[in-house]
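So the structure is just underneath, and the comments pick up after that.
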Amino acid sequence: MATNPQYIKYQDYYIVKKSFVYTPTDEFNISFVNALIKDIRNTPTKEKLLYKTFYELKKFISRNHSFLEYGKEKCCNYINYWLNKTVRDSEYGVNKEKFKFFDEFMQRDPKASDGPFNCISKLSYMDTDSFQKMKKLYDLYDYFTELKEHEDSSTLCRSISDLAKKYESMMREYEKDNKLCNMLTNLRGVIERDKLVAKDICEKNTFDSFILKIDPPREEQKELLYHKHMVDPLEKHIPDPSLQLLHHVYMIETLYKHLPQLLFQFLYHKQKDWKNQRGERVNEHYQYPKNNLHDHYHYYYHYHH
-12 MATNPQYIKY QDYYIVKKSF VYTPTDEFNI SFVNALIKDI RNTPTKEKLL
38 YKTFYELKKF ISRNHSFLEY GKEKCCNYIN YWLNKTVRDS EYGVNKEKFK
88 FFDEFMQRDP KASDGPFNCI SKLSYMDTDS FQKMKKLYDL YDYFTELKEH
138 EDSSTLCRSI SDLAKKYESM MREYEKDNKL CNMLTNLRGV IERDKLVAKD
188 ICEKNTFDSF ILKIDPPREE QKELLYHKHM VDPLEKHIPD PSLQLLHHVY
238 MIETLYKHLP QLLFQFLYHK QKDWKNQRGE RVNEHYQYPK NNLHDHYHYY
288 YHYHH
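Right, here's the structure in full:
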């Protein structure tokens, strides 16, 4: 039982998973696996699917390049997750007791057992809690990869809020799992340094929203954020303090001047919506000038400006 799952960092997960996507130069002979499949006891249809899973496992453990380049531990960790996910998704009837057949498969394969690269004694059935945590983490990895590799480079920018929500949700749910939180923190660093941001493809305020969602500012930081987004830009474009004061005065006077007009416009449209919702029943009420906000609005606006 894998009660202490060994997570893989995003960078390692990404390159290891990608390295296992290849077309073998030769066909693999795994006819010896039929006896193992019979022992698992399944329907004929599921037996064929299970055969494909064994074949895919053979393909993984034969990928010497991956083991040489990224190491046995990372490769076997990924293969173990992939295998646990596959047998659960496919409902082969493979439980903890029957999971041993995958290890036995590698022991019976002469090329796998004699070679330097294999995952013998490295594959184990994960308990539900451990598997679900790992799946959520790797699903988040895959989601980020899908966004950043999309043909439309702006896809990541548009989906940054959704990505932040998924990240934040996992952080809250597993805040006591230090190993998992470390993996999430590492992922955050990867996202912050992503080339889309480095090349300014994403608008800066879009990416800032990701940072704020996953790491809300403390009270002492809010004043700094205000200066960053409000005061600093003003000082940049209007460096003279006296001109800055005039700018603020002008903005206040403009607001004061147009506030009555804006208020009447708001009330007029609210009244219009209310009348439309209730139909003819209220028309008689508004035939009297004192009840008609439309007339009040035009009187005020045209004779007071």
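Numbering (the numbering used here), first residue to last: -12 to 292.
No residue lacks a Cβ here, since even glycine has one placed at the ideal position from N, Cα and C.
A distance below 7 angstroms between beta-carbons, with the five flanking residues on each side excluded, links residue 37 to the following residues of its chain, in chain order: 24, 27, 29, 79.
For residue 62, the enclosing alpha helix (DSSP H) covers residues 59 to 77. Restricting attention to 95, 91, 133, 76, the CA atom closest to the CA of residue 147 is found in 133. In this structure residue 95 is in contact with residue 19, their Cβ atoms being roughly 6 angstroms apart against a cut-off of 8 angstroms. Where residue 126 is concerned, the enclosing alpha helix (DSSP H) starts and stops at 115 to 135. In this structure residue -7 touches residue 64 by the C-beta definition: roughly 5 angstroms separates them, less than 8 angstroms. The beta carbon of residue 161 lies closer than 7 angstroms to those of 120, 167, 168 in the same chain, with the five residues before and after it left out.
Secondary structure note for residue 43: its alpha helix (DSSP H) is the uninterrupted segment 31 to 48. In this structure, DSSP gives residue 164 a state outside helix and strand, which the three-state scheme calls coil.
About 5 angstroms separates the beta carbon of residue 45 from that of residue 17, a gap short enough to meet the 8 angstroms contact definition. Separation of the CB atoms of residue 93 and residue 123 is rounded to 28 angstroms, and the pair is thereby denied contact status at 8 angstroms. Boundaries for residue -7: no alpha helix (DSSP H) harbours it, and the DSSP string shows neither H nor E there. Taking a contact as a CB-CB distance under 8 angstroms, the pair residue 9 and residue 68 does not count as one, their CB atoms being some 19 angstroms apart. In the DSSP assignment, residue 142 falls within the unbroken alpha helix (DSSP H) covering 142 to 145. Non-local beta-carbon contacts of residue 61 in its own chain, meaning distances under 7 angstroms to residues more than five positions away in sequence, involve -5, -1, 3 in chain order.
Across the set 54, 116, 176, the C-alpha of 116 shows the shortest separation from the C-alpha of residue -9. Rounded to the nearest angstrom, the gap between the Cα atoms of residue 57 and residue 48 is 13 angstroms.
Its chain contains 153 as the residues whose beta carbon lies nearer than 6 angstroms to that of residue 127, once the 5 sequence neighbours on both sides are disregarded; these appear in chain order. When DSSP states are grouped into helix, strand and coil, residue 11 belongs to the coil group. Sequence-distant partners of residue -3 (beyond 5 residues in either direction) whose C-beta falls short of 8 angstroms from its own C-beta, in its chain, are 128, 131, 170, 173, 174, 177.
In the structure shown, residue 81 adopts coil according to DSSP, grouped into three states.
For residue 21, the closest alpha carbon among the candidates 41, 109, 12, 98 is that of 41. Taking residue 83 as the centre and dropping the five residues before and after it, the same chain places the C-beta of 112 closer than 6 angstroms to its C-beta, in chain order. Residue 81 and residue 55 have their alpha carbons spaced roughly 30 angstroms apart. Under the three-state reduction of DSSP, residue 108 is assigned to coil, being neither helix nor strand.
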